[in-house]
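Enquirer: Input: one structure, supplied below.
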Amino acid sequence: MSHGNAGEGGGEQTHGLIAWSDFEKVLICAGTVTQVEEFPQARKPAWKLWVDFGPHGLRKTSAQIRHLYSADQLLGRQIVGVINFPPKQIGPFVSEFLLTGFPTEEGVVITTIERPVPNGTRLA
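For the record, in the sequence shown the residue sitting at position 15 is 151 according to the working numbering, with numbers rising by one throughout.
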């Protein structure tokens, strides 16, 4: 994936502008991690996560974040997820949302929330 970096190239962006209606299509919500399991079948070290998105229900995903996060560090943590992608088969597991984060050399740093909000709250 190629992403434009702020502050590089004199402020140039590699992506075109989007309309507000495009942003409104993406359902980005807060949720709380309720269960974490190992995913030994994954090609890269990953966790299986179950997250409570309040009125949007309990959803599961696979995340390659084991290098930076233990199961104990994830359990009970509020995260940010995209919950309106179609389900995706990942080996024997079906992922139901995209856990958001920032790729670094050490691994993916998950997007978290500065203070608690109700599960299911949509990013605005």
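We put the beta carbon where it would ideally sit given N, CA and C, even for glycine.
Taking the straight line between their C-alpha atoms, what separation do you get for E242 and R179?
Expert: About 18 Å.
Enquirer: Checking 8 Å against the spacing of the C-beta atoms, do L153 and N220 come in under that value?
Expert: No, Cβ-Cβ distance for L153 and N220 is not below 8 Å.
Enquirer: For the candidate residues L185, H192 and R258, whose alpha-carbon lies nearest to that of D208?
Expert: The shortest C-alpha separation from D208 is found at L185.
Enquirer: So what's Q214 in DSSP terms, helix, strand or just coil?
Expert: Correct three-state label for Q214: strand.
Enquirer: Could you tell me the distance, in whole angstroms, from the CA atom of P228 to the CA atom of F175?
Expert: Each residue's alpha carbon lies about 10 Å from the other.
Enquirer: Distance, Cα to Cα, G212 vs T170?
Expert: Approximately 6 Å, taken between the alpha carbons.
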